[in-house]
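J.: In the numbering used here, the protein residues as written are 32 to 210.
#1: Should residue 127 and residue 190 be called a contact, given that it needs their Cβ atoms to be closer than 8 Å?
#2: Across which residues does DSSP place residue 136 in a beta bridge pair?
#3: On the DSSP letters alone, give me the boundaries of the beta strand (DSSP E) that residue 187 sits inside.
#4: Less than 8 Å between the CB atoms is what I'm expecting for residue 205 and residue 170, so what's the real figure, rounded?
#5: Take residue 70 and list the residues in its own chain whose beta-carbon comes closer than 8 Å to its own, dropping the five residues that flank it on each side.
#6: Tell me which same chain residues have a C-beta within less than 7 Å of the C-beta of residue 57, skipping the five on either side of it?
#7: Whose C-beta lies closer than 7 Å to the C-beta of residue 113 among residues of the same chain, with five residues either side of it excluded?
#8: Output yes or no for whether 8 Å exceeds the beta carbon distance between residue 66 and residue 124.
#9: In this structure, how does DSSP classify residue 29 when only helix, strand and coil are distinguished?
#10: Starting from residue 169 and walking both ways along the beta strand (DSSP E), at which residues does that stretch end?
#11: Would you tell me roughly how many angstroms separate the C-alpha atoms of residue 177 and residue 136, rounded to the nearest one?
#12: From the DSSP output, in three-state form, read off residue 74 for me.
#13: Alpha carbon to alpha carbon, what distance is there between residue 100 and residue 122?
#14: Compute the Euclidean distance between the alpha carbons of residue 184 and residue 152, then round it to the nearest angstrom.
#15: Count the other CB atoms within 10 Å of the CB of residue 106; is the residue buried (16 or more) or exposed (fewer)?
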C-alpha cells in the first residue's frame, strides 16, 4: 500500500520559489531573445544552466515537501542563487531594449503571450517613504492606483494597479513626484 507524503512545511516556500523561478526563466529567455534582435549576444549556456538548476529542483521529493531538512535548505539556497543569476540576465537584456531609465521613468514588461493588466511592485529609491515618489502615472499623465507597502523585513515598495499591457511588449510609466 502506497502512502502519500504529508506536507511538512506550511506555505511551502520551496514550491513558491520554484514557481517564481519558472516565470523568471520564461521572462528572461523572452527578453534575451528580443534583445538579440538588437545586437545582444544570446546567453545560451547561462540560460541552459538556469533551466537545468530549476528542473533539478523539481525532483519528486522537493516540490511535494517529502524531503529532509538539508535538502530543503539546499533547494532554497539554489532558488535564491538562481533568482539572482536570472535578475542579472534580465538587467542586461532590458538595458538593450529600453532607453536608459531615469528616476522619473519606470519600464514594465509583459513577457506573456496574452495581454495583461496586473499589479506591479516598484522598489523605493529612498529609505524614507515620506520623501519617495507619490506613485506612477501613464505617459499621458493619468495616475495609476497606487499604495505604499512596508514590512519589517523588507524595503518599502510601491504597489500599482496597471492598465493593460500588450503581449511581449514594454510599457513606460512616469514616477509621480511627492506633493
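For each residue, glycine too, the CB sits at the ideal point set by N, CA and C. None of the values given here were measured: they were computed from a predicted structure.
T.: Straight from the coordinates:
#1: The residue given as residue 127 occupies position 96 in the chain shown. The residue given as residue 190 occupies position 159 in the chain shown. No, Cβ-Cβ distance for residue 127 and residue 190 is not below 8 Å.
#2: In the chain shown, counting from the first residue as 1, residue 136 sits at position 105. DSSP, once it has assigned bridges, lists 205 as partnering residue 136.
#3: Counted from its first residue, the chain shown places residue 187 at position 156. Per DSSP, residue 187 belongs to the beta strand (DSSP E) from 185-192.
#4: In the chain shown, residue 205 corresponds to position 174, counting from 1. In the chain shown, residue 170 corresponds to position 139, counting from 1. About 6 Å; that satisfies the 8 Å criterion.
#5: On the chain shown, position 39 is the one that residue 70 refers to. Excluding sequence neighbours, residue 70 sits near 127.
#6: Within the chain shown, residue 57 is the residue found at index 26, counting from 1. 142, listed in sequence order.
#7: For the purposes of this step, residue 113 is taken as residue 82 along the chain shown, with counting starting at 1. Spatial neighbours of residue 113 in its own chain (CB-CB distance under 7 Å, excluding positions within 5 residues in sequence) are listed in chain order as 52, 81, 84, 85.
#8: The sequence position of residue 66 within the chain shown is 35, counting from 1. The sequence position of residue 124 within the chain shown is 93, counting from 1. Contact check for residue 66 against residue 124 passes: the beta carbons are separated by less than 8 Å.
#9: This structure cannot settle anything about residue 29, because the visible part of the chain is limited to 32 through 210.
#10: Residue numbering aside, residue 169 sits at position 138 when the chain shown is read from its first letter. 166-169 is the span of the beta strand (DSSP E), which, as asked, contains residue 169.
#11: Taking the chain shown and counting its residues from 1, the one referred to as residue 177 is at position 146. Taking the chain shown and counting its residues from 1, the one referred to as residue 136 is at position 105. In this structure, the CA atom of residue 177 is about 15 Å from the CA atom of residue 136.
#12: Indexing the chain shown from 1 puts residue 74 at position 43. The three-state reading of DSSP puts residue 74 in coil, since its state is none of H, G, I, E or B.
#13: Counting from one through the chain shown, the residue named residue 122 turns up at place 91. Counting from one through the chain shown, the residue named residue 100 turns up at place 69. Rounded to whole angstroms, the gap between the alpha carbons of residue 122 and residue 100 is 33 Å.
#14: Here residue 184 refers to the residue found at position 153 when the chain shown is read from its first residue. Here residue 152 refers to the residue found at position 121 when the chain shown is read from its first residue. Computed Cα separation, rounded: 16 Å.
#15: As a working note, residue 106 is residue 75 in the chain shown. Buried, by the Cβ-count rule.
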